[in-house]
Structure formats: C-alpha cells, structure tokens
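**Q** Per our numbering, the very first residue in the sequence shown carries number 10; after that it's consecutive.
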Amino acid sequence: MGKKSRKKRERKLKGKRPKTGRHTASPFKDVDASFVHVTQKLRGILARYCAEDVILAGTISELWMPNITSQVKHQLLLRVAVSMPPHEYRGAQPLALYEDFRAFLLAVYAALPSFPMLEDYVPEPDWGEVSLDVRAAFLPVMYGGSVERVTDFVTAFRMTHAGNFPAAHDMDVALWIQSYLITHVHSQPVHTQPDARPLDIELGHLEVPPQAFWENCGAALLSAGAEVTQALGAFSKNLTVDLGTLCMPESSAAFGESIMDGSSLPALTVRVKDTLLPLSPRSGPGAVVEQWANRMIGTKDEQLRRLAYALSDFLSDRFRQDDVATGPLIPGTPEKLLPYFLAGAFVAGDKLYLVAPGNIQDPPSVLRMCRNIRALVSSARKWAFKHAENNTGIQLLRRNGQPFLADDVAFLIVPIDVTTQMRMLPDVGKQARIVPLSDFVGVFDSLKDVTELGSFLAYIDRNRSLVLSPFAGFTDLFGSFRDSHGLLVDGAVQPTMISLDPHWGSNWRFKQLSEFWRIAPHDFPNGKSTWIIDSENGSNLYQMMSKGQPALSWSTVIGHCSVHVVLPFVPDMMDATNGNLLETFTHCAADALSQRREIIAVLPIFRRPRIVFVCRPERSTFVEEDVHTVAAGALEKPLIDKVKVVSTDTDDRIVLSIEVNMSRVQQGIHDATDASFESACAIELLRCVAAATGERIDVGVVDQIASTSKGRPRFVLQQLTRDVDVPDRATPMLPEPGDYKLARRDLAVVFRDGNAQPGRYELAEAKVIIDRARDVFRGDVHKRLATCDLVSLLVFCIEQHDALIAEYHRTTTRVQISLTHDVNYSRAEVIAKAHDRFTRNARNYRYIIEAALSLAAGGETTGSARMTVDVVAAVDWLFVLYGASDVLHNGVHPGGVDLDQQYVPEIFFSDDVTKKEHEFSLEQANLKIGVELAHADEIHGLKPGSGLMKIDQAFSADLGFTLSNLGQCLITLSRWASATSTHDLKLSYQASVDDIVAVLCRVVEGLEEEEARCIVGFITVDPTHIRQLLGKNQAESDVPVWEHNKRAQRLTIRPLVPLSTGKLLWGAACAERAGRIWIGSVSDGYLPAAFVWPTVRPEVRNIKEGIEKELERRAHEICARAAPYVSPDIDFIRRFPEENFEDAGDFDVLAYWPETNRWLAVECKYNQPPFCLKDARRLRDRIFGTGRDHGQFEKIERRHRFLGKHMGRLRELLRWPASTTNRPPSIVDVYVGRDIYWWMRNPPYEVTAHFVRIDALDGWLRAEGFLRT
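(1) What's the call for residue 1036, buried or exposed, on a 16-neighbour Cβ count within 10 Å?
(2) Mapping DSSP to helix, strand and coil, what is residue 463?
(3) Just the Cα atoms here: how many angstroms apart are residue 464 and residue 334?
(4) Going by the beta-carbon positions, is the gap between residue 261 and residue 267 smaller than 8 angstroms?
(5) Taking only three categories from DSSP, how would you classify residue 800?
(6) Does the beta-carbon distance from residue 972 to residue 1101 come in below 8 angstroms?
(7) Where do the N-terminal and C-terminal ends of the beta strand (DSSP E) with residue 1162 fall, by residue?
(8) Taking 8 angstroms as the cut-off, decide whether the C-beta atoms of residue 808 and residue 1039 are in contact.
(9) Counting along the chain, where does the beta strand (DSSP E) carrying residue 653 start and finish?
(10) In angstroms, rounded to a whole number, what distance separates the CA positions of residue 118 and residue 131?
(11) Drop a sphere of 10 angstroms on the beta-carbon of residue 541, count the other beta-carbons inside from all chains shown, and report buried for 16 or more, exposed for fewer.
(12) Taking 8 angstroms as the limit between beta carbons, can you name the residues of its chain near residue 822, skipping five residues before and five after?
(13) In whole angstroms, what separates the C-alpha of residue 1260 from that of residue 779?
(14) Are residue 363 and residue 339 touching if we call contact CB-CB under 8 angstroms?
(15) Mind checking residue 668: buried by the 16 CB within 10 Å criterion, or exposed?
(16) The beta strand (DSSP E) spanning residue 769 covers which residue range?
(17) Should residue 1150 be labelled buried (16 or more other beta-carbon atoms within 10 Å of its own) or exposed?
(18) Buried or exposed: where does residue 978 fall if 16 or more other Cβ atoms within 10 Å of its Cβ makes it buried?
(19) Can you check DSSP and say which residues form a bridge with residue 1172?
(20) Grouping DSSP H, G and I as helix and E and B as strand, with all else coil, what is residue 395?
(21) Are the stretch 1053 to 1071 and the stretch 790 to 800 touching by the rule of at least three beta carbon pairs closer than 8 angstroms?
(22) What three-state label does DSSP hand residue 1067 in the structure shown?
(23) Would you please verify whether the beta carbon of residue 1084 is less than 8 angstroms from any beta carbon of chain D?
(24) Taking the beta carbon of residue 291 as the centre, do at least 16 other beta carbons fall within 10 Å, making it buried, or is it exposed?
(25) Given a cut-off of 8 angstroms on the beta-carbon distance, is the pair residue 670 and residue 627 in contact?
(26) Under three-state DSSP, which class holds residue 442?
(27) For residue 1194, which residues of its own chain have a beta-carbon under 7 angstroms away from its beta-carbon, when the five flanking residues on both sides are left out?
(28) Indicate the three-state DSSP secondary structure (helix, strand or coil) for residue 253 in the structure shown.
(29) Out of curiosity, what's the CA-to-CA distance linking residue 6 and residue 529?
(30) Suppose the cutoff is 7 angstroms on Cβ atoms and the five residues either side in sequence are ignored; what does the same chain contact list for residue 950 look like?
(31) Between the alpha carbons of residue 243 and residue 721, how many angstroms are there, rounded?
(32) Quick check on residue 1018: does DSSP put it in helix, strand or coil?
(33) Rounded to a whole number of angstroms, what is the C-alpha to C-alpha distance between residue 236 and residue 285?
(34) So within the stretch 44 to 77, which uninterrupted alpha helix (DSSP H) runs reach at least 4 residues, ignoring any that extend past its ends?
(35) With distances taken from CA atoms, which of 569, 357, 348 and 408 is nearest residue 385?
(36) Leaving out five residues on either side along the sequence, give the residues of the same chain with a beta carbon under 7 angstroms from the beta carbon of residue 1213.
Below you can see the structure in the form of structure tokens.
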C-alpha cells in the first residue's frame, strides 16, 4: 500500500489534490452510493459496541503482521470509528472475551470492501528490525507502512524542521509510541531469525489475530497513551482527535485522496473519554510529516540557510573532509560572494558536484542560482568556496590540478520541504537534478564513497532511455543500481523498455537497515549511527569505523550499558609500531570487559547508558619502532594515566580521555601465556570510571576479575622474522561483483551468437555448448590481451599475484598463531575463505601472465588497473567454462548449463555438491593449521644427509645445478631488497641476468657463476613453450590449464619473467613459493612436472618408496600404542603356506582387541596429490577403480572377506587369545595415507572403510574407542 503504488491510479491527475473535508461529488454516482452503503454498514456494526473496544480491536487487527497488506481497509475501519460521535456507540455488546473479539472482526472483515489499486504490494513485515534515535536513545520503530522508507522521511523531517522543537517533539512521540508497542508486544509471528521461514502474505489479506496477541497488544495499547505522556509530555493538540470530530469522506474517490495525501487518519491518538489510544501507529510518523508540511518556520531564505547547515552536518557525519567539502559553503571571489549557501561540494569522476538546498516551488530561483554559479566558474577571476562559519577558503580542482569549467559543474538540488504526498518536480536544467530530501538521506547514508555516487549518476544517464517507470524515485534507482551491481541489463537481449518495481528502493533500504541494526550495539560512541560495523561472528564485541571522522571503536555491551574504547586517528600522533599497539589495546580492552561482563554487570557504573574511553598514547612510553624495545622507566608507570572527563549529560553518559602506556601494552601481550594483562585492563578501566564519577568498585568484583588471570590469553603479540621482501599489508586489486556481472553479460552474447537456445542442457549435450562458447570467449580474452602493452601488463599482474600470496600468508600465519590463545571466530572458516579467495584470484592473474607471454602481446595500450581487472573478471568466467567442461569430460559430477531467456548462463552440478565442497574445505583448513593432528607422527621424505646429497648430485648431473642451490637462489630472490641492501620493499622486482647472477653468487655460499646462470635460465619461464606440454611438439590452443603434470613452463615453478627491456621481472612472494614447491615436491617423492631427467627420476622414486615404507612402519607403531595384539606387513599365504589360504594379499597392519572382539585392518597407500581435474579423476580411478574393477579397494574388500571367513583360524595361527566377550566380531577397515583427498570423503560408491591421515590416526583411534587409556 505504498504511496508510489497508489500513483498508478492517479496517472491522469493534474495539479493540487483536494483536501479531505472538501470533497467534490464523484462523477460515478453508483460508486459513491456503494461507498456510503459500506460506511453505513460499518457504522451499524460498530455502534453495537463501545468506542474503546472498537478502536482497540481495529488497531490490534492492523498491527497483526499478517494483516499488513490490508492497511487501507484498516484505515477505513478506524476512520469510520473515529468519525462516529460518542453517543452513536451503544456499548450493548462488550468485547471482554476473545470469542467476542473474533466475532466482531469477522463481521467487520465481511463488511469491508477490497482496494486492489491501493493495496497492491506487500509492505516490509517488520517489528522493530530498524531503529531510530529518540531523545539520545536508539529505539526500535516500524518501517513497513503507508509511507515507504519512513525512517528516511523522519531524518529528512528533522533536518528541514531543525530548530523547531514542537515539530521534533511530535515526531519523537510518534516514534516512541511505536517503540513502546514493539517492546511490549511479544506475540508477533517470528520471521526475522536467520532460520525462520519468511511470512507468505497475500495482497489484501485479513485474519483474526490469535488470543495471545489480542491480550498482549490490547494491554499495551491501553497503557501507551498515558506512558508516552508521562515519558515525553504533551504534544501538538492537532495530533489528537476526539470522537466525531473527523468527518467521513462521502465517496470512494475522496477516501482514496485522503489515503494519498496522508489525511485519512491525521493524528497520533484518539481520545475516548479520558483515555488516549494510539491511532494507526504505523502511520504515525507520516501523520506528523503532513501535519507540519506547510508550517515551516522562517522565510524561504532562512529555510534554505537552515537546510544548508543541516545537510552539511549530515554529510560531514558520513564522509571524510578529504572526500566532501562541507560548510555550509558560499561561492564567490575575494571581492564578492554570491548569496547562496551550499551544503557541500565534491569531485566524482570529471564532475564537480554541488549540493544545494532549493525552493522548487520557485523554479526560476533555482535556475538563477545554477546559472550564476556556472558564470562564476567560467569567469577568468579566481573563485573559491568560503566556509560560512569562518574565513577559510576552499578550492576544488580536477585530478590533474586544473580548474573546473562551467560545463563540469553539476548540481544536486535538495528541496527545502518534506512531504509524503506525490508531486511533480520541475525541470531545472540538464546539469541539475532534484533529489527530494528523503531520497537524499537514504542514498547518501548508504554510499560507500563519492566515487560510487558518480557511478550511480552515470548509471541513471546510461539507462534513462530504457527505464520507463514514472513512479520510480531516486532511491528506487539507487536500489536497482546496488542490487544489479550497476548493470541493469545483464543478458544478451537488449530490451527497449524496463519497468522498475516502484518499491525497489524501499525493499532494498529495509534490507540494508535491518542488517545494520541486527549487528549494531545499543548505542554509538558519539550517539550517531554513522559507523560501519563488524560484529565478531555474533559475539558481544563490535568493531566500528566512523564514516565521517578518522576513528576506530571497539565496543561491547555490559547489561544495558554500551562501552566504547575509541582510537582517534590523529596525523603524526605516533609511528606504525605504536599505532598498531594502541589499536590492539583498544581491542583488548573492550574484549577484556566483554569476556567478564557477567562479573561486572552488577556494578553501579554500568547503570548509565554509555561509557566512552578515548585512547591516546603516552608519548614517554613509546616502544621503539621495528625493534619493539620498551621505553626506559615506562614499566614503572601505570597502564592508564591522565584520566579526564571530556563530557557528561543528564542521562549520565560519560566520555573519558585516557593515555595508555605503550610499553606496558607491549610487555603485557608479548608472548603472553595467560590472561593476566587482559584482567589488568578490565580492572584499570573500571577504576578510571570510578575515579571520574566518584563511584565505588566492589572489592569482591575486583577479586573475581583477578581470578580470571590464569585463563588462556586472547591476545598474544609475537614477533616474526620477515622471510619475504613484500610490503606489509599489501592488498590485491580484484574485480568487484559488477565486473563479474559484466563479463557474464559478454559471455551471454557469446552463447546467443553461437546459436544456443535458452534452456537446460546436461552432460554431453551441455559439454558441446560449453566448449563452443569457451573457445569463442577465450578468443575474445586473447584479443583484449593482445592490445595491451606487454611490460605494463606483466608488471601489474605480477604485483597483484604477489599481493595475493602475501595476503594469504598473512591470514594463515595469523590463524596459526591464534592457536596459542582463544578467539571468537571459526579458524576453519577463515582459512577456507582465504584459500578460496587466493586460489581463485591467483589462478586468474597467472593465466593472464602466461597467456600474454605466450601471445607475445605487443599492443600499445598501457593497461590501466581498471581495464586489467575487467580482464581478470572475464578470465574468471573462462575458468568456469574450462572447469565445467573438465568436470563433464572426466565424469566428476553430473551437471550442465542453464541458459535463461537472456542467454545468461548458470553452470549447475548435483544439488549437494556445494555443501560437500564447503564441508571438505573446512576439513582441509583444519588440517592445514594442524588441528587434531599429532605432529610427531608426520612423515617426511627427503631429509638432510645422504638423501639430500644424492638428489643434489642427480640434479647436478642432469641440470648443471643442485637442488639445494636452486632453493637458496629462490630464497635470495624472495629477499631481494635485503640481498641488495636497498630495504625498499616492492611487489615486483626487475634486474638484468648479470645483476641477478652477481647477487646470487655473493649471497649463496659456494655458488659459482656458471651454476648461477644455469639456475637463472632454468627458473625463467620460456614464453615460446608455455602452451607446449611435455612429450608434445605442437602448441596447445591456449595455456593448458586443464593439465598440470605435463606443464613444464608455468609461473609457479619458474617465477622469473623475461621482459622486452632485457631485464627479468619477478615477485618476491612468488619466488619464495616456487622454492617451497621445488623442495616440497622432491621431498614428497615426485617432481613438480613430468620431467624426463634420467638421473633425478630414480632418486625421486627412491624417496617415494621410502615414504611408503615409513607409512607402514608408522601405522604399525601408532596401532601398537592402542592394540594389545598387532602384526605388521603380514601375508598369510606366504607366512602359513601349509594352510592353503586363497590369495588375499598382505595386511599392512592387523590389530586385535580381544576384550571387545574388534579387528582393525589397515591399508597404507601413498598417492601423489591431484592438481587438476584430470589428476583427480585418475586418483579416483586408482583408489576406487572403474566399473566392476574396484581399484585399490578391490584388495581391501578381498582382505575383509578373507578375515571374516578365517578369523578364528588366523587368531590361532597368530597365537592371539580368544575374545573375552559375547559380542560378535567386528572388522574395521582403515585406509591410511599422508593426505585426505576429495574422493576419500565423497567416494563414487558406498564404502565402509575409513580414510585417515597418518598424523591423525592416533586421534582417530581414540575417538573410535580403540586406544587403551
């Protein structure tokens, strides 16, 4: 029943709408007669009861959430009820019982007409999911209702009526009533929980609320009037109506007009005898807006100036001063200022945007302002903005430092008034847009930055000819922009017209606001909700960044008190080392209080609504940068000092300024082994508040806090030695969702042009279509790469690839270190997400590097970061096609492709694949950080000593250099800044071959120039062979990403990239990773690729065989810890030939527990890990076989049958005792390896064997009850 949906019936209306009470007769006499008949029938029903019962029943029905689509019906019901004078209510039938209430509503529902043109959409079914500030407190309010985005209207109303206390007070009353009902009525249907099913509400739906809601809501409504008066005082008399004082419209058209202009129920309460009852609470804020719409104070110039100040404050709370210049600002020259107050100015793209209040009732004045300011800009004189509050001048220039031209200036005109009524907006020229204040609030409160605004306005202009939605407002367009990622047409079919949902903006805004308030604390450090919140996985701890001010807050809630520990970012206040320490302190301090909230919530200091600690460093205690040495004498000083009260208010909120001892923080968390520093933080903070307020801290509480010192720490600072010379906190540049969507649209065009028809394609049919599109799309990607300047493209991609490696290493290292202390987050989730982000994006950048090299791209276009990232998004989709084709080709999963009517593709596989992949990724993440693994049981292949010497000799014989020196050279390249003593950390390095060789010979002990040159040549990727597989003489059609083992020329093992300048290019992190791959692969018994090296291969094979033998030996050793009877490597045919057993092969380990009659058969296998889908399929076939052949499992199954058949005789032969229990014997098969692979958790057919890593076998035996205690 949103206002915009109602406009559909008003398309022919011109001019100003008639007000209720001055209705003209409808030209449709039969419609009027029908309407009068309906109202008379309703009056007859209502007259049987008392007024209080009728209004309560109608309001209860309206507030029942499933009835939210029938707001017009309820408006009619309540309008009829309040239009009846008291004497019409006979009160003969009381509604004292629920049965009476139900019968009454059923009779009313039957009499109410339908309003299909007015009740044509489902408002947001909310019950306090969104909050607003009311008298310095954030209260839950009602969002869905007759006024869409009512929260934005409220904010706009407050801005346009700034300084008008009666208007602001009336709005507070309307919101307070809503909050009171929300907090006192707890029997609404639950629909907002993450696992709850959304309410399925039909248009115009009516149902009788249940008894619990009738009782609960009725009691709250009866007390609300008195409570609001007591809490806030009296409000405008016009917002309370008496029975019989509100006339009833005489026609359905007039009633519809009253709905449209908000005058249907123009009050907050109705007086029944001496009781004030809330009247249509969801419509309350709208009623206040319209009550004051034509009662603005001051002249038009005063209203413009007042709004300029309010808008300026609004912008400064949400944008940094570097992004948006706020004032208000007065444009002019030193000689003369123009008579205009601008709220703000900012640069987005190539435009200078000016936010200007405007009186759109006087369009010539707006046009004149725009014309005069443009004339000022185009004049030869120097001009600037003067800040209205001081003599500061502000001048904004283009990015190149040049002044703007008149045509570069664009205006955002914000009307000075706020109304919920529909109105026509005047034309104010091409370079100006009128943005109603409520829309301005919604959009600018949601913007990430001003760059996004530029993109949004370009989106509007780009789609202006397509969008035919006269009732879609500015916020609807922004909602569509956000939800579509800036790409409204995402398929291959270009429509001639697009009709936007007129409720798009409201639905989008509600989703955004409800998500914000779902994770928000009770309060904010400055009392404003202009913070970006990151709640720690639903915990009681919040990290918040201020939008408008450079400040960070770690916050928690103790009882009903919000506690904020704030770090303001002051330029040059401290170096990076102490800045990181102080940031850690703010986090630690808030967390220390949060973790002990059950202990400290009883303290009187937490009876106040808000406590803020503003933290600054105590300069004399600074830790020495880099070396982290504490300051002399600092450890004798207190942790917190110089406590000052910055502010307090009448509600006892308090802001304290504190100085923190950096050396004490460093000492407290450095290699912490317990929570003593955290408990000390909590105690010191409590003492600060007590000292500032004069309140007492109970000694018993302090003792309880101190007793928590022995727990595990939650904050530990460890110093790590830099092992790769990359910049700290390097952040890769990656595609945004809109980039992927744009690439998908390009792919849709490929499917369309390939004559594919919309529909669902599976298996072989799908593979044909996918392959055809893949080949064309690949050609398009190659064409784009060929236009790029190769050197600039390679440098950018190498740097982004290195940033990804460094970022992933930081994340895994942080999580690994966190194992020494407690955390709030899921380590496995963090690692799994980081791994997915790294592998996906690093793969894409590597492809561009390798493809560009193999194409010998020689274009002249210097690839911008934006253009390259667009290509990365296209490459990501190319890999989707490659992956889908490989999955179907190798029979990994059943699947295919769906093409919708716009040819947008969606690759699909079996329903549960995504869930299984997530579960497997979490398991792999835990294994990566060693969760539940016994490190002593790990098996290592290549060890220092004779084994390494043999490998080095083999490498030297075949390649002219040793593996050891190869590893050392790659380490040197990864520490290039240190090796060359430049200490200038970069994401990419360049040097000539001679310079690299010279450095390597100087740094690597015993390395000669000839060997160094061999190594440099070996690890330099050869562009001419990138597409050539080992064993083939012909190049592939693309970088062979479908292959791994036969790819000898790939960046992961040859990190040096030749440039046309004669230099070599590389990334330090990539070089370090290549070193780990070479050493790790050989150590694990295989080469990184299928190199045919006659001397090396036998030695590597020996390593693999050694691992296999060690695997069996270690499995026996672990089982021997658990089993009283265990035998390794036993072949019963060979050991007992006289028994004439059938051939079952050998048991790697056989164990027996007579007390439980359990047998354990262990099969040890060492499989080379898969690196591509072809490898994965081969591994699956090796383990599980194909068809009737069950591969390795054939032997496991045969031995299981053999053991079951001959169990008694085998026990006798092994001289193991008979079971001491009556339980039947059980046989457990275990497949033990070094790693767990996908197919082991998702086998192609059902198996009873367990797959266990060797270093997890001990834990598995314990979990399964095998290990003796």
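Cβ atoms here follow ideal geometry from the backbone N, Cα and C, with glycine treated the same way.
**A** Let's see:
(1) Flag for residue 1036 reads buried.
(2) Helix, per DSSP.
(3) Going by the C-alpha atoms only, they are around 19 angstroms apart.
(4) In terms of Cβ geometry, residue 261 and residue 267 do not form a close pair [threshold 8 angstroms].
(5) Helix at residue 800.
(6) Not in contact: residue 972 and residue 1101 (Cβ atoms no closer than 8 angstroms).
(7) Judged by DSSP secondary structure, residue 1162 falls within the beta strand (DSSP E) whose first and last residues are 1156 to 1162.
(8) At least 8 angstroms separates the beta-carbon of residue 808 from that of residue 1039.
(9) That run of the beta strand (DSSP E) goes 649 to 657.
(10) Answer to the nearest angstrom: the Cα atoms are 19 angstroms apart.
(11) Burial call: exposed.
(12) Answer for residue 822: 729, listed in chain order.
(13) Answer to the nearest angstrom: the Cα atoms are 35 angstroms apart.
(14) Residue 363 places its beta carbon 8 angstroms or farther from that of residue 339.
(15) Buried, because 16 or more other Cβ atoms sit within 10 Å of the Cβ of residue 668.
(16) Start and end: 768 to 771.
(17) Residue 1150 should be labelled buried.
(18) Around the beta-carbon of residue 978, 16 or more other beta-carbon atoms lie within 10 Å, marking it buried.
(19) According to DSSP, residue 1172 shares a beta bridge with 1240.
(20) Reduced to three states, the DSSP call for residue 395 is strand.
(21) Judged by Cβ distances under 8 angstroms, the stretch 1053 to 1071 makes contact with the stretch 790 to 800, as three or more pairs qualify.
(22) Strand.
(23) Within the model displayed, chain D is absent; a lone protein chain is all it includes.
(24) Residue 291 comes out buried.
(25) The answer is yes: Cβ separation under 8 angstroms.
(26) Three-state DSSP puts residue 442 in a strand.
(27) The answer, listed in chain order, is 1200, 1202 and 1203.
(28) Coil at residue 253, not helix or strand.
(29) The question about residue 6 has no answer here: the residues shown for the chain are numbered 10 through 1278.
(30) Within the same chain, 1092, 1093, 1094, 1112, 1115 and 1116 come within 7 angstroms of residue 950 by CB-CB distance, once the 5 residues on both sides are set aside.
(31) Distance between the alpha carbons of residue 243 and residue 721 is about 55 angstroms.
(32) Residue state for residue 1018 is assigned as helix, using DSSP reduced to three classes.
(33) In a straight line, the C-alpha of residue 236 is about 10 angstroms away from that of residue 285.
(34) You should have 60 to 72.
(35) That would be 348, whose Cα lies nearest to the Cα of residue 385.
(36) Apart from the 5 residues on each side of it in sequence, residue 1213 sits with its Cβ closer than 7 angstroms to the Cβ of 1236 in its chain, given in chain order.
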